[in-house]
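Structure first, commentary second.
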Amino acid sequence: MVDLESEVPPLPPRYRFRDLLLGDQGWQNDDRVQVEFYMNENTFKERLKLFFIKNQRSSLRIRLFNFSLKVLSCLLYIIRVLLDPPPQGNKWYHIFWVTRCLPLWGLQVSVALISLFETVLLGYLSYKGNIWEQILRIPFILEIINAVPFIISIFWPSLRNLFIPVFLNCWLAKHALENMINDLHRAIQRTQSAMFNQVLILISTLLCLIFTCICGIQHLERAGKKLTLFDSLYFCIVTFSTVGFGDVTPETALSKLFVVIMICVALVVLPIQFEQLAFLWMERQKSGGNYSRHRAQTEKHVVLCVSSLKIDLLMDFLNEFYAHPRLQDYYVVILCPTEIDVQVRRVLQIPMWSQRVIYLQGSALKDQDLLRAKMDDAEACFILSSRCEVDRTSSDHQTILRAWAVKDFAPNCPLYVQILKPENKFHIKFADHVVCEEEFKYAMLALNCICPATSTLITLLVHTSRGQTTPWEPFKQLTGIKQTLNREGQQSPEQWQKMYGRCSGNEVYHIIMEESTFFAEYEGKSFTYASFHAHKKFGVCLIGVRREDNKNILLNPGPRYIMNATDTCFYINITKEENSAFKNQDQLRRNNASRSFYHGPSRLPVHSIIASMGTVAIDLQDTSCRSASGPNLALPPEGSKETRRPSIAPVLEVADTSSIQTCDLLSDQSEDETTPDEDVSTNLEYAKGYPPYSPYIGSSPTFCHLLHEKIPVCCLRLDKSCQHNYYEDAKAYGFKNKLIIVAAETAGNGLYNFIVPLRAYYRPKKELNPIVLLLDNPLDDLLRCGVTFAANMVVVDKESTMSAEEDYMADAKTIVNVQTLFRLFSSLSIITELTHPANMRFMQFRAKDCYSLALSKLEKKERERGSNLAFMFRLPFAAGRVFSISMLDTLLYQSFVKDYMISITRLLLGLDTTPGSGFLCSMKITEDDLWIRTYARLYQKLCSSTGDIPIGIYRTESQKLRTSESRETASQSQISISVEDWEDTKDSKEQSHHRNNHRNSTSSDQSDHPLLRRKSMQWARRLSRKVPKHSGKTAEKISQQRLNLYRRSERQELAELVKNRMKHLGLTTVGYDEMNDRQGTLSYILINPSPDTRLEVNDVVYLIRPDPLAYLPNSAPSRKSSICNTTGPDTREETQL
61 MVDLESEVPP LPPRYRFRDL LLGDQGWQND DRVQVEFYMN ENTFKERLKL
111 FFIKNQRSSL RIRLFNFSLK VLSCLLYIIR VLLDPPPQGN KWYHIFWVTR
161 CLPLWGLQVS VALISLFETV LLGYLSYKGN IWEQILRIPF ILEIINAVPF
211 IISIFWPSLR NLFIPVFLNC WLAKHALENM INDLHRAIQR TQSAMFNQVL
261 ILISTLLCLI FTCICGIQHL ERAGKKLTLF DSLYFCIVTF STVGFGDVTP
311 ETALSKLFVV IMICVALVVL PIQFEQLAFL WMERQKSGGN YSRHRAQTEK
361 HVVLCVSSLK IDLLMDFLNE FYAHPRLQDY YVVILCPTEI DVQVRRVLQI
411 PMWSQRVIYL QGSALKDQDL LRAKMDDAEA CFILSSRCEV DRTSSDHQTI
461 LRAWAVKDFA PNCPLYVQIL KPENKFHIKF ADHVVCEEEF KYAMLALNCI
511 CPATSTLITL LVHTSRGQTT PWEPFKQLTG IKQTLNREGQ QSPEQWQKMY
561 GRCSGNEVYH IIMEESTFFA EYEGKSFTYA SFHAHKKFGV CLIGVRREDN
611 KNILLNPGPR YIMNATDTCF YINITKEENS AFKNQDQLRR NNASRSFYHG
661 PSRLPVHSII ASMGTVAIDL QDTSCRSASG PNLALPPEGS KETRRPSIAP
711 VLEVADTSSI QTCDLLSDQS EDETTPDEDV STNLEYAKGY PPYSPYIGSS
761 PTFCHLLHEK IPVCCLRLDK SCQHNYYEDA KAYGFKNKLI IVAAETAGNG
811 LYNFIVPLRA YYRPKKELNP IVLLLDNPLD DLLRCGVTFA ANMVVVDKES
861 TMSAEEDYMA DAKTIVNVQT LFRLFSSLSI ITELTHPANM RFMQFRAKDC
911 YSLALSKLEK KERERGSNLA FMFRLPFAAG RVFSISMLDT LLYQSFVKDY
961 MISITRLLLG LDTTPGSGFL CSMKITEDDL WIRTYARLYQ KLCSSTGDIP
1011 IGIYRTESQK LRTSESRETA SQSQISISVE DWEDTKDSKE QSHHRNNHRN
1061 STSSDQSDHP LLRRKSMQWA RRLSRKVPKH SGKTAEKISQ QRLNLYRRSE
1111 RQELAELVKN RMKHLGLTTV GYDEMNDRQG TLSYILINPS PDTRLEVNDV
1161 VYLIRPDPLA YLPNSAPSRK SSICNTTGPD TREETQL
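Going letter by letter, the sequence shown gives residues 61 to 1197 in our numbering.
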């Protein structure tokens, strides 16, 4: 085979690159020709054209020079008029001839020559084959009229004093100004606002009209009144403004005709200009215009990017953003691709918002719109997703593109992004702060099943309340701290609403320890010691810290953590420490020493309150020696003195390993306590570890309970049998614990965040609840999945209903389905998530419930007072039965001021697990625990024993106003009841309540009302005639039974329907209790209550428990029965993972 390389001839020397580099001159002798290429023709005309027209900078200079010449000619005309002597003699002579001195004539001739030469040259350069088009142009005609007579006067001296209308050069100056502005925009490569151009044209047109009218009337009146320039100016202004005083009027016919012509021209030209200006103004109002560059450099602003702006979203953002004092001077620039909504426009016209909020219509994907919003100078950019879209994934994709576009345009601008689906989070990992809706939603739903009303707790913590505020007098007098507490609900007669509203004002704040008055004295002390004593002394709840050299926040790192001066402390309080003032405690004690009255909601003496607040040491008994075993809240031995309060061990400054009762949750004591029967019936074996698979990128690994072996997919269907088991309903499985049912539309990746908290490692195996996923909820499927013995039913908002024509109808399907469940299974604990917070009023709706109507009125009053949480008094929300994920939008807004809020919320919800950081749990107060008495003593007990930090109380009380409900319900009964029997029953109830010293004793006190006493005697006589065989107590009982029967007739009918359906499906009706409901109770949350708050039975205390993985004790006593705890003694000396 022939070698191909040998056949290729070498290049000649003149083509070698080496020779070119070495400067070989041999190539100069060859036959090659050098060719130069030009962008334009290399002719003299083209070069002139390039200089005078095509080149932006040189053309701009020519336009500016031409404009200056025209203005100079107008000034020379004014000088000529001022120097012209008063005319005398023939009046028509003075119209055609004027007096012009020689120097002035010379200047005017020079200007005319230059102007004419420039006009002819530009006409020649712009000639395109039609000479008449160049000659008949108005600027060219005006130039000939003003320049040619001066040139002729050079050769004919007798024409030097001929009148020439040089003042018409003002129109040529206007034309030059327009061309100059256009060249200026081309030269600086920036498009100026069309509004600016139109305003400039309008102003210049108006000035030219006035100047022409002034000069024309003044010259024509040389044959009449001989007006001066000032008189002509006065006449023009009066005439054009339609005032018309009539003191100055034209006399000659020519001047009158000239005025008529100028008025007609003004009536034609000015309306056209104003129409164009109005059109541009309307278009600018739609698009929003631009955010001023000067304002962006001198003022601070943030940009809000949304796909569609609704009034609720806007008001939530503005109320939360401007709730912080240091943000009052910020501007908010809204960048939205859609036209501004009518309601949004109406709100932005309010003076409070019109000066601080700017709406721009544009897209975040266009650099021009980002430049209009001055994104590169913005302090932050908030990018929100549209949760009302049918395809939430598509909404996330739009959010991702917006985030990429902003990051590409302004890399240094902090990004605050809201995303809907957790699987899309990793695309915006570069953002400074990210809130994933489904992550937070499912985590709060899961924790609601473990710790009741966690969703309400988180919502109240991340909101900034703005209701009417007044100082909390008891706390102010006792601690000397001038604090301003939220007074929402203070106008209500209900005590629970006052306490609930007052405690809802607590928020999370931060401060450097060495700069703090609250915590500076606890440097070198343990975290639990600092937390307890700060709460005892100042009423603040220290929940977490962060080292100076570490970005991770630790919630309750435990008693082994030693506080440093450079630590950042995170605490819960009504207001931040910087807004508090402190008084001397000794002076307060002297002022309060003589006071012996009872004060505060607990009705304790003042000295007891002071003791609980930390000014006097709590009396401790037998604190030197304490049993290491036994429950945490156990009552001390009976041998102690009965006259003294039971003792509580002090909180140590430095942790003692032997004195800390940690929950050894890694070695589950529940395994040792299982009975043989339980071992036989339980075929599931758990191991602790991390989930082997992650459903999406970016999920935080959580240590939890896992099965040793993977269950086949066929066994996951609860309603269908397979080859491994033959069960077809939940009852057949024989679960030991109650179920948690999740009703969702699809099984998305967000369910991972629902399952993990329910299977967390710190939950004992005996308390793990089976989880049933219900993708559709007809009655038959509900019964098969075990709804009759479920602990909680979680209803997730349906995504398919979020695209309703009316925004607020997006929750219609969910609300009606939950109402059906509430009517069919009144004892079922239902937890619901809605899209719009305003729809919470429809949850568990009762049309004739007087108490709900009273709450509705209270909500309206609180909204009028400026509250951002007016819906907080609705019973379902206060009890944690319903929440809206849109309420967590404020978490993203608040992160602009508190950049730690997202991290703390994720730690509380269990979305993130930081080594050494605690977790949220709860414990229930029983009758055996009431010896603790107050919240301050409970705080001390928990800190001294297990290191837990309490942050709030979930309280359940019996509902008031039962009489009005009974009256309304009885009036709606299907079977009528006589008025006499009903009134007698009512009277009997009131008398029994009076005998039992009930709070509401106004209606039973008949001694002060003779009319009521006379009527009750009549009712008694009627009752004695009708039922002579029964006593009053028996008659009252019978009447009450009849009322209950009539009241529950509809409920019994629904119960029969459910039971018949269960029998048809072959399910047992045992456990279905249709009579047990929660209509007689109400629940609410007290965040960081005052230290002297009395504990009550069934109170659930929220705790932040230290991380058991931080230290593994050798022995740990059993913990009292609680929601996430362990029981029984620990028999293991060490734990292995």
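Don't be surprised by glycine CBs; every beta carbon is placed ideally from N, CA and C.
Just curious, the alpha helix (DSSP H) that residue i is in, first and last residue?
i, result
"Y137", "Q116 to L143"
"M375", "I371 to F381"
"C509", "E497 to I510"
"S912", "C910 to E924"
"G561", "Q555 to C563"
"K873", "A872 to L884"
"N813", "Y812 to L818"
Note down the Cα distance separating residue i from residue j, rounded to an integer number of angstroms.
i, j, result
"N616", "S1004", "14 Å"
"M945", "F256", "The question names Met, yet the displayed sequence has Ile at residue 945. Roughly 45 Å between the two C-alpha positions."
"E567", "I479", "25 Å"
"L162", "T265", "33 Å"
"P619", "C629", "15 Å"
"V298", "L280", "18 Å"
"L132", "L374", "55 Å"
"W413", "D949", "20 Å"
"L185", "F200", "14 Å"
Below 8 Å CB to CB, which residues in the same chain sit around residue i once its five sequence neighbours on both sides are set aside?
i, result
"E919", "R901, A930, F931, F933 and R934"
"R844", "L778, D779, E788, D789, A790, L1125 and L1127"
Within the continuous beta strand (DSSP E) that includes residue i, where are the two ends?
i, result
"K748", "Y746 to G749"
"Q421", "V417 to Q421"
"L990", "Note, L990: premise wrong, no beta strand (DSSP E); not H, not E."
"K791", "No beta strand (DSSP E) holds K791; the alpha helix (DSSP H) holding it covers A790 to Y793."
How would you call residue i, buried or exposed, if buried means at least 16 neighbouring beta carbons within 10 angstroms?
i, result
"G304", "exposed"
"T459", "buried"
"M322", "buried"
"D389", "exposed"
"I632", "buried"
"K748", "buried"
"M342", "exposed"
"K188", "exposed"
"K596", "buried"
"H768", "exposed"
"C134", "buried"
"E893", "buried"
"G940", "buried"
"C324", "exposed"
9 Å is my cut-off, CB to CB: does residue i come that close to chain B?
i, result
"F500", "No chain B appears in the structure shown, which is made up of a single protein chain."
Kindly list the residues whose CB is nearer than 6 Å to the CB of residue i, restricted to its own chain and excluding five residues on each side of it in sequence; keep chain order.
i, result
"D372", "none"
"Y1014", "P512, A513, I1145 and V1160"
"A820", "C764"
"E449", "S455"
"C275", "F227"
Kindly list the residues whose CB is nearer than 7 Å to the CB of residue i, restricted to its own chain and excluding five residues on each side of it in sequence; keep chain order.
i, result
"R1085", "Per-residue confidence for R1085 stands at a pLDDT of 49, beneath the threshold of 50, marking its modelled position as unreliable; the derived number appears in the next sentence. Taken in chain order, the list of residues that qualify is empty."
"I815", "I831"
"F318", "G276, I277 and L280"
In the DSSP output, what is residue i paired with across the bridge?
i, result
"V855", "A803 and T892"
"R1165", "F979"
"Y184", "Answer is none; Y184 lacks a bridge partner."
"F256", "Answer is none; F256 lacks a bridge partner."
"I479", "C496"
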